[in-house]
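Chemist:
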Amino acid sequence: MSRRAWRYVLVLAIVGSACYVVAHLIADEVRTSRWQAHYLSQFGKRLSYAAQPGPSDSIRFPQSGPYDHRLGYSSIPHYTERLEARGFVREAQVRMSPDLLEYLNMGLFAPYREKTQAGLELLDCNDRAVSRQRFPQREYAGIGDVPVLLSKALLFVENQGLLNPEYPTRNPALDWRRLSRASLDQMLRIVDKSRDTPGGSTLATQIEKYRHSPEGRTTSVSEKFRQMGSASVRAYLDGPDSVRARERIVVDYLNTVPLAARNGYGEVHGIGDGMWYWYGEDFDEYNELLRAAARGTPGKREAQVFKQALSLIIAQRRPSYHLRGYETGLEPLTDSYIRLLANAGAISPELRDAALAASLHRTPPPGRDDTEPFVTRKAVNQVRADLSRVIGIQSRYDLDRLDLTVGSSINTDAQRVVTDVLLKLRDKQGARELGLYGHNMLRDHDDPSRLNASFTLFERVGNVSFLRVQADNIDQPFDLNSGARLNLGSTAKLRTLVTYLEIVAELHDRFGGLTRAELLALPVAPQDGLSRWAVDYLAKAKDAERDRPAMLEAAMERKYAGGAGEAFFTGGGLQAFSNFERSETVPNMTVRRAFQHSVNLVFVRMMRDIVRYEIYRAHPDAADMLADRAAPERRVWLERFADQEGSAFLTGFYRRYQGLDHERRMAVLLQRTKPIAVRTAVSLRSGDPDIDEQRFARLMREKLPQSGLDDEDLSTLYRKYAKDKFSLNDRGYLSKVHPLELWLVDYLRERPDATLEQVLRDSAEVRQETYSWLFKTRSKYGQDNRIRTLLEQDAFVKIGERWRRLGYPFETLTPSYGTAIGASGDRPAALSELIGIVLSGGVQPYTETLRRLDFAVGTPYETRFALRPLARQRLLPQDVATVVRRSLTDVVESGTARSMLGAFPPDPRLALGGKTGTGDHRHMVYGRGGRVIAVKTVSRSATFVFALGDRYFGTVTLHVRGPEAARYAFTSALSLRLLRGLAPSIVAMNTPADASASLRCKH
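Residue numbers (full-length UniProt numbering): 1 to 1003.
1. Alpha carbon to alpha carbon, what distance is there between L774 and G782?
2. Could you give the first and the last residue of the continuous alpha helix (DSSP H) run that contains P828?
3. Are the stretch 540-559 and the stretch 589-597 in contact at 8 Å, needing three or more beta carbon pairs?
4. So T849 packs on S408, CB below 8 Å; how close in whole Å?
5. Just the Cα atoms here: how many angstroms apart are A681 and L748?
6. E81 lies in the alpha helix (DSSP H); which residues open and close that run?
7. Exposed or buried, which one is T991 when buried takes at least 16 other CB atoms within 10 Å?
8. With burial defined as no fewer than 16 other Cβ atoms inside 10 Å of the residue's Cβ, what is the status of F478: buried or exposed?
9. Along the chain, where does the alpha helix (DSSP H) containing residue 1013 start, and where does it finish?
10. Closest to R217 by CA distance: which of G72, P66, L323 is it?
11. Quick one: is F225 buried, meaning 16 or more other Cβ sit within 10 Å of its Cβ, or exposed?
12. Between F983 and P77, what straight-line distance do the alpha-carbon atoms span, to the nearest angstrom?
13. Reducing DSSP to helix, strand and coil, say where A358 ends up.
14. Would you mind giving the Cβ-Cβ distance between L601 and G562, rounded to the nearest angstrom? I have them listed as a contact below 8 Å.
15. With which residues is Y952 paired in a DSSP beta bridge?
16. Output the distance between the C-alpha atoms of N105 and S230, rounded to the nearest integer angstrom.
17. Could you tell me which whole alpha helix (DSSP H) segments of length 4 or greater appear in the stretch 732-765?
18. Nearest CA to the CA of G239: which residue from W35, F156, H212, E81?
19. Per DSSP, what kind of secondary structure is F904 in: helix, strand or coil?
20. Can you check whether the CB of V960 is closer than 8 Å to the CB of L434?
21. Checking the sheet assignment: what are the DSSP bridge partners for L853?
22. May I ask you to report which of helix, strand or coil DSSP gives D196?
23. Can you list, in chain order, the residues of its chain whose CB lies under 6 Å from that of L910, leaving out five sequence neighbours each side?
24. Alpha carbon to alpha carbon, what distance is there between R852 and V987?
25. How long is the line joining the alpha carbons of Y719 and P675, rounded to whole angstroms?
26. What does the alpha-carbon distance come out to for the pair Y808 and W278?
27. Near P198, what residues of its chain come up, given a Cβ to Cβ distance below 6 Å and the 5 sequence neighbours on each side ignored?
28. Considering only DSSP beta bridges, list what P53 is partnered with.
29. Roughly how many whole angstroms lie between the Cα atoms of M989 and M441?
30. With respect to the alpha helix (DSSP H) encompassing R640, which residues constitute its N-terminal and C-terminal limits?
31. Tell me which same chain residues have a C-beta within less than 7 Å of the C-beta of K115, skipping the five on either side of it?
32. Leaving out the 5 sequence neighbours to the left and right, which residues in its chain are closer than 6 Å to L669 when beta-carbon positions are compared?
33. Suppose the cutoff is 6 Å on Cβ atoms and the five residues either side in sequence are ignored; what does the same chain contact list for A118 look like?
34. Between which two residues does the beta strand (DSSP E) holding A129 run?
35. For my contact list, A344 and F156 are in at a C-beta cut-off of 8 Å; report their separation, rounded to the angstrom.
36. Just checking my contact of L101 with R46 at CB under 8 Å: how many whole Å lie between their CB atoms?
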């Protein structure tokens, strides 16, 4: 052989040897993943993160993936904005290493030990868990807890060889045999579109997919590589040896695999929850049955649960199709895998035969285990409601699944004690033990089981008012403290007094710098009593009396008539009010004394002054307009009244006729028309102008069978009262039916599907026409009354703005002087908020149930928030708050709450002040001359809103609703007696934490 030939042979041998070495290395790497394990484990060490104090500038949050959305990780930036606007600060947050940030910027999923179970956890003020949600609810703690049959079935179906210990460094994210087969199938499918293409995913990449890929799906080749790359890095976080990581993959998959959603529960994740929600199988029971099946000859139950579990492993490929539908082929598919498992020796022939004989039957959704009474969860539900509002999640379902721990302000020990007391009072013996029977309280025949009782208590810590107790004795989701609109009686006088003093402070600010001559020259409407008093006071006051605190004290000594005998034009008509006690009816009484003794008529007259102040502040020329019959402004007000009242009438008529066909509408109209020939004829011809004479005659005879009308009479009526013969107002006068009702019936004849909005839009001119009589100057008295009504309504809009700024919870007030004594309703929780403002010196307090929020603890997204609010805006002048605070103390020391003296220790930190209120809510029907012809009792309540020193404040309320309320005659004395019964528990909250009776919070 020539030298050249030997040279070729040598080159070929070298190349062949190199190829052999490379092939051997590749084969070895495919089998062992040795080099991947080395480099990825080293790389993983650099992908670090750690929580450090303060906000982070080196953190990235995931943008997609069902897992990240469900646990709230992707929304943490949104929550941050909302919480920081609320006064929370980032107390600590994760800092990611530069390598981890770069890794995430490449689009890969964050490498960390992910949680298989998470949910919302609520802690009390002592950091004890009061509510804990965990999803999925049933999980395996480790590979040793997984029945061997279950792990064998999973690996056979999804990832054979995953737990093979022969190669401890093998990459669990890559199964080359399965991947190559899947790639080949994908290429062949280009030619054969009908070819089945099973995926090449390992369990590791499947977990990445359903957790982090958009919508939990693989939508592209690049997405598949992202899953594989992320899973590979995650597998070596603990070092090159992947045995434990592979075991965790099996456990994580079994715990978290998505298994569709079940009505009444939601998304189902994991085999444990899947067996319960789809087959009704108890977690511990079916696992023991699976273990038993592996130990010996399986029975029917063992075979049945094995088949059920295997069906879920198979169903995960198309979970909604297989589990939510019917006749999906899941059982035959499961049977085929049972045979394959037996052929491979993974299960015994006995188990195969028994499993094939078993049937898959999904059970109805199991009932919830939520057996805790509603009455014990009122405070927790309030925390949940506040959390939902603060972070902007309305769904309870979504809230429960957040990876979030919340430190609340609730004192669960005190909450339990107070709830027990409130429940006790519903029993007659318990009510007697609490001393609730007696004068102005319960009478011997009264049934205390009808009493709904509630209690709230806040504690001021710095500039935050923390809710400590919110309890009632109503075993329903409804919360009496924050969910009801109650007539709380004279507690409204507190809001009225605050408004009164606020206006006095405003008047001082406007006029306090003027000289006596300038004050006397000011034009003040005679009806504006508050402005008149302020000007006169400042004009006469000595220099030492001209400052604002002195003027506020003088306003408390201002006198009002306390007597009855006066009717008040308010709320659109004349109303009369009375005092609770006849002894309170005195000619003149100071505001201070009237507040102490809760004198109704003084506060009704005070509200009249407030209303007139608001009227003349907004409309300085109102008096001239009312005096001048020809003032052009009157027309504007009267047109507004016509539009407003006409709209109210039309709204009522629309509700009466809505949904009826034309014949039924006409029948209702005729029922509302008195059976007199002319009235009935006008109603018929107005409501149905196109009616023919024969039908008209028939309906007239049906309506008036005893009238004796002959054909000529009916023909005359038909022609005479046609729609075009009289104006709308005249037809209303003739029929004694409101003209707008006649118009609406005719309008709906042509537009039966018209909405109320369309009706009001199209009736604008008709409403003005209907009230044309009002625009005539000879009707001045009627005009004045209606203008006053509108001016009063505008004034109550302004008063409502003042009240809402101080926590009043409703959008509107009843435009009546009766609002001063409770006519507009209130909420106990809102009254507590007002007291909190007073205690804080008029500065808006942070009224909170949330102390801290810990998101995603132990993850690369960990963010911890703590409440660190800055000072908020001033809502009341300091001196106004001081006068109100002193007035609350006067109520206890010498007013309607005197019975509370001695209920608390003589400690300035527990000095008691407050305002009592008795609500007696009734609907009255009046006849001619203002005579009451019917009374419907709606409710009765007793309330005390209180402050204890400068630290604690709250409300206690007792309430009876419905007709039964008429049987009770209790007053606010009942709420005072209940507070006395709760006093020891409140005192225990203020004792040192190491004392035996202490109920104190650490936070």
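Ideal Cβ positions, reconstructed from N, Cα and C, are used throughout, including at glycine.
Please read these numbers as outputs of a predicted model, since none were measured by experiment.
Modeler: Per the coordinate set shown:
1. The alpha-carbon of G782 is positioned some 7 Å away from that of L774.
2. 828-839
3. yes
4. 5 Å
5. 19 Å
6. 76-85
7. exposed
8. exposed
9. Residue 1013 lies beyond the residue range present for the chain, which begins at 1 and ends at 1003; the question has no answer from this structure.
10. P66
11. exposed
12. For the record, residue 983 in the displayed sequence is Ala; it is not Phe. In a straight line, the C-alpha of A983 is about 44 Å away from that of P77.
13. coil
14. 5 Å
15. E459, L948
16. 13 Å
17. 739-750, 756-762
18. W35
19. Under the three-state reduction of DSSP, F904 is assigned to coil, being neither helix nor strand.
20. no
21. V406, F865
22. Reliability fails at D196, whose pLDDT of 47 lies under 50, so the model's placement of it is uncertain and the value that follows must be treated cautiously. Coil at D196, not helix or strand.
23. The answer, listed in chain order, is F904, L948, G949.
24. 26 Å
25. As written in the sequence, residue 719 is Arg, which differs from the Tyr given in the question. Their Cα atoms are separated by approximately 19 Å.
26. Going from the Cα of Y808 to the Cα of W278 covers about 48 Å.
27. Note on P198: pLDDT 49, under 50, position unreliable in the model; the coordinate value appears next. Contacts found: none.
28. Note: P53 sits in a beta bridge opposite A92.
29. Approximately 28 Å between the Cα atoms of the pair.
30. 633-657
31. D403
32. S683, G687, V745
33. L71, D403
34. 129-132
35. 7 Å
36. Incorrect: roughly 11 Å between the Cβ atoms, too far for contact.
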